[in-house]
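K.L.:
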Amino acid sequence: MCGIVGYIGYRDAYPIIVKGLQRLEYRGYDSAGIALYDGTDINLSKTKGKVEDLRNKSKSTISLEGNLGIGHTRWATHGVPNDVNSHPHYSNSGDLVIIHNGIIENYESIKKALTERGYTFTSDTDTEVLVNLIEEVQKTEDVMLGQAVQIALNQVVGAYAIAVFDIKKPDEIVVAKLGSPLAIGIGENEFFIASDASPFIEFTNNAVYLKDEEMAIIRLGKEIKLRKIQNDAVAYPNILELQMNLEEIEKGGYDHFMLKEIYEQPRAILDTYRGRLLADQGLIKMAGVDQNLEKFLNANRIIIVACGTSWHAGLVAEYIFEDLARIPVEVEYASEFRYRNPVITDKDVIIAISQSGETADTLAAIKLAKEKGAFVFGVCNVVGSSIARETDAGAYTHAGPEIGVASTKAFTTQITVLTLLALKLAKEKGEFSESQFHEVLTELETIPSKVKKALESNALIEIIADVYKDSPNCLYLGRGYNFPVALEGALKLKEISYIHAEGYPAAEMKHGPIALIDEQMPVVVIATKKGHYEKIVSNIQEIKSRKGKIIAIVTEGDEQVTQLADHVVEIPETSESLSPLVTTIPLQLLSYHIAVMRNCNVDQPRNLAKSVTVE
Ligand code: F6R
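Numbering of the sequence shown is given in my numbering, commencing with residue 768 and proceeding in unit increments.
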């Protein structure tokens, strides 16, 4: 989704903003733009395409001087991606410029009213309507920019993170947030604005994350004060010291962020259970769970809400919670849950899973569940994100920043957190003896090294990728705990290589998808020893007798499937419940290599956004 960057201070704003926009490229976008104040004029350049295109265009068309500026990457909602619809947008007088992430739902009625008052519009965007509404308020109410923004925002319906400045008052930028993320980096006599901290982390570790319905007037030489958009209540900002470092958000020698993040998984999984999993003491410590243990233990059921890959992690969790902790679980797409009038009571526990912590549908599902009195627990990666704040309690995954649009380490670390939670509840409920509990904890501690071992198949997977890179379709099959892994494998392939792929529970194949199988169809089958092995062998026979091409993920030393399959990738043996953490690795690598061979933009697949902040 759209990315926002801004700077006000003593440095040249242009390089900071352009580099910042590049750091936000992972969010997904189709056009980019920048507006700089050079001491006299506002210089604005924008273009459809990449930040690199913006750099080329602005170099030859505008002055790049100035210590104040705002920049934007746009992911089109209202109006096609083109130069005119790109942000920033001027107001009619040319005095104000704005960048906006989100959607103004009632922009048409506002546009009509402004048109009647003589305003004209060059773009199809809701954003240009907003900046003119602010200008109109400034004029009619005779107020300064901050107040005009506040009054205008009280007239709009929708979601936004905005940054706007006024040529008449070039020592300040006004920002506001409702539903889309916005962080302010605080330096010595300089401020940074961004959708997340990555654009400014090399300049400052001090940041304020705006909460929903908050705005700030960022003025040089003044301390930041936050104000409620609805009223004049002033809040003192909570300045966080960020732990992120520059290395974490750069590629570190890998060709793509996605590959780097796949390889980071042994470390990420370890970081996620470090300090929580105390195998020698037979303990799992999770502060957010310990403080709310009764809620979990007395729950009628757990409802998991999430989208995309996080929803797949939720499906894995359903198996774990029901199998190990014997707690009934339902897993819901947040986008469906929020609109289908679900039956929720105060005896339900909702677990919301989200890497970004900003997914609009998941946030809306949380709000609905809270209104109905349920206890909501969050599993997020991004610290301080909206979902982390909205939930009653939670547990972070410690994956570190995930920049590649396709989720990899977020998935395995989400499963790790949910496994810890399920095991803890299982133990509390008496589903495990001390020795069984100790055994499973000890096994969880072996997962990082098993993931490392699975990564050693990279070269073999590259060879397999080369064979199937031109296939138009691909089927993924798994059973039990590995059915969601099949879904996730298919999602990874389609989103980054644009090959049509479907994930199915292996036994469902004969109820339809088997009709697709012929000698052209690659079928990826998760066929590890633990968990329905004989049944999977039968499914493989069914594929083979229809001449499908079989790529099997097998346990080290496997013989039976190895004889049947066209290709096998071995992974270390694990218990069935922990196997998704390992079986998913070869599938991530397969989709990565196929996408690279098809010259696809692996880290920024077309049409996709890293955090989906609109519904
Ligand atoms: C797929 C992917 C998406 C996200 C989904 C939810 O690789 O990344 O399907 O999983 O948009 O995002 P979060 O987890 O940030 O709520």
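Heads up, the beta-carbon is just placed ideally off N, CA and C, and yes, glycines get one too.
Taking 8 Å as the threshold (C-beta atoms), are Ile1307 and Ala1294 in contact?
P.N.:
For Ala1294 and Ile1307, yes; Cβs fall inside 8 Å.
K.L.:
Is the segment 1179-1198 touching the segment 1079-1092 in the sense that three or more CB pairs, one from each, lie closer than 8 Å?
P.N.:
Yes: the two stretches touch, three or more of their Cβ pairs being nearer than 8 Å.
K.L.:
If we call anything under 8 Å between Cβ atoms a contact, is Thr1039 one with Thr1183?
P.N.:
Result yes, Cβ atoms of Thr1039 and Thr1183 sit closer than 8 Å.
K.L.:
Using 8 Å as the threshold, is the C-beta distance between Asn868 and Ser962 below it?
P.N.:
The answer is yes: Cβ separation under 8 Å.
K.L.:
What residue ranges within the segment 915-942 form continuous beta strand (DSSP E) runs of no fewer than 3 residues, ordered along the chain?
P.N.:
As far as the segment 915-942 is concerned, its whole beta strand (DSSP E) runs of at least 3 residues are 925-933.
K.L.:
Name the two residues that bound the continuous alpha helix (DSSP H) containing Tyr1086.
P.N.:
It spans Gly1075 to Ile1087 - the alpha helix (DSSP H) in which Tyr1086 sits, taken as one unbroken run.
K.L.:
Figure out for me which residue from Gly988, Ser1123 and Glu1262 has the closest Cα to the Cα of Phe958.
P.N.:
Measuring from the Cα of Phe958, the nearest candidate turns out to be Gly988.
K.L.:
Along the chain, where does the beta strand (DSSP E) that runs through Thr814 open and close?
P.N.:
Here the beta strand (DSSP E) through Thr814 covers Ile809 to Lys815.
K.L.:
Under 7 Å from any heavy atom of the ligand F6R, does the C-beta of Gln1371 make it?
P.N.:
Result no, Cβ not under 7 Å from the ligand F6R.
K.L.:
Please give me, in chain order, every unbroken run of the beta strand (DSSP E) with length at least 3 that falls completely inside the segment 957-986.
P.N.:
Entirely contained in the segment 957-986, the beta strand (DSSP E) runs reaching 3 residues are, in chain order, 958-961, 973-976 and 981-986.
K.L.:
Find out if the Cβ-Cβ distance for the pair Gly787, Thr1380 is shorter than 8 Å.
P.N.:
No. Outside cutoff.
K.L.:
Let me know if Tyr781 comes out buried or exposed under the rule of 16 or more other beta-carbons within 10 Å of its beta-carbon.
P.N.:
By the neighbour-count rule (16 or more Cβ atoms within 10 Å), Tyr781 is buried.
K.L.:
Looking only at DSSP bridge pairs, what is Asn868 linked to?
P.N.:
The partner list for Asn868 (beta bridge, DSSP) reads Ala928.
K.L.:
Would you check if the segment 863-879 and the segment 922-938 touch, i.e. whether three or more CB-CB distances between them fall below 8 Å?
P.N.:
The segment 922-938, when compared against the segment 863-879, does touch it at the 8 Å Cβ threshold.
K.L.:
Curious, which full-length beta strand (DSSP E) runs of at least 3 residues does the segment 1265-1321 contain?
P.N.:
Fully enclosed beta strand (DSSP E) runs of 3 or longer: 1267-1272 and 1289-1294.
K.L.:
Is the CB-CB distance between Ile1231 and Leu1357 below 8 Å?
P.N.:
Cβ atoms of Ile1231 and Leu1357: closer than 8 Å.
K.L.:
Let's see if you can read the secondary structure: which residues bound the alpha helix (DSSP H) around Ile837?
P.N.:
Run containing Ile837: none in the alpha helix (DSSP H); it sits in the beta strand (DSSP E), Leu835 to Arg841.
K.L.:
From Pro1347, Leu1258 and Phe1250, pick the residue whose C-alpha is nearest to that of Pro1372; which is it?
P.N.:
Nearest C-alpha to Pro1372: Leu1258.
K.L.:
In angstroms with no decimal places, state the Cα-to-Cα distance between Thr1329 and Thr1322.
P.N.:
Cα to Cα, the separation comes out at about 10 Å.
K.L.:
Decide if Tyr927 is buried, meaning its Cβ has at least 16 other Cβ atoms within 10 Å, or exposed.
P.N.:
So Tyr927 counts as buried.
K.L.:
Terminal residues of the continuous alpha helix (DSSP H) containing Phe1104?
P.N.:
That run of the alpha helix (DSSP H) goes Ala1101 to Phe1104.
K.L.:
Can you tell me whether Lys878 is buried or exposed, with buried defined as 16 or more other CB within 10 angstroms of its CB?
P.N.:
Its Cβ being crowded by 16 or more others within 10 Å, Lys878 is buried.
K.L.:
In its own chain, which residues sit with a C-beta less than 8 Å from the C-beta of Gly1140, not counting the 5 before and 5 after it?
P.N.:
Same-chain partners within the cutoff: Ile1111, Thr1112 and Asp1113.
K.L.:
Pro1239: buried (16+ other C-beta within 10 angstroms of its C-beta) or exposed?
P.N.:
Result: exposed.
K.L.:
With hydrogens ignored, establish whether the beta-carbon of Gly1075 is closer than 7 Å to any heavy atom of the ligand F6R.
P.N.:
Yes, the Cβ of Gly1075 comes within 7 Å of a heavy atom of the ligand F6R.
K.L.:
Any idea which residues DSSP pairs Cys1147 with across the strands?
P.N.:
According to DSSP, which records beta bridges pairwise, Cys1147 is partnered with Ser1121 and Tyr1163.
K.L.:
Have a look at Ala1166, Leu1082, Leu900 and Asp779 and flag the residue whose alpha-carbon is nearest the alpha-carbon of Ile1036.
P.N.:
The residue with the shortest Cα to Cα distance from Ile1036 is Ala1166.
K.L.:
Is Gln1021 helix, strand or coil by DSSP?
P.N.:
Looking at the sequence shown, residue 1021 is not Gln but Tyr. In this structure, Tyr1021 counts as coil in the three-state DSSP scheme.
K.L.:
By DSSP's criteria, Phe1142 is part of a beta bridge. Which residues make up the other side?
P.N.:
Bridge partners of Phe1142: Val1116.
K.L.:
Alpha carbon to alpha carbon, how far is Glu1340 from Glu1138?
P.N.:
The straight-line gap from Cα to Cα measures roughly 44 Å.
K.L.:
Assuming Leu831 is part of the alpha helix (DSSP H), what are its boundary residues?
P.N.:
Looking at the DSSP string, Leu831 is not in any alpha helix (DSSP H), and its letter there is neither H nor E.
K.L.:
Quick one: does the C-beta of Gln1355 sit closer than 7 Å to a heavy atom of the ligand F6R?
P.N.:
Gln1355 Cβ: outside cutoff for every heavy atom of the ligand F6R.
K.L.:
Could you pull out every residue in the same chain whose Cβ sits closer than 7 Å to the Cβ of Met1011, ignoring the five residues on either side in sequence?
P.N.:
Counting only Cβ-Cβ distances below 7 Å, and skipping sequence neighbours, we find Ala964, Ile968 and Pro1168.
K.L.:
In chain order, what residues of the same chain lie with their CB nearer than 8 Å to the CB of Glu1212, ignoring the 5 residues before and after it?
P.N.:
Only Tyr1040, Leu1044 and Ala1046 meet the Cβ criterion.
K.L.:
Which same chain residues end up closer than 6 Å to Ala856 when comparing Cβ atoms and leaving out the 5 residues on each side of it in sequence?
P.N.:
Residue identity check: residue 856 is His in the sequence provided, not Ala. Around His856: Ile865, Thr894, Glu895 and Val898.
K.L.:
Please say whether Leu920 and Ile996 have beta carbons closer to each other than 8 Å?
P.N.:
Going by C-beta atoms, Ile996 is nearer than 8 Å to Leu920.
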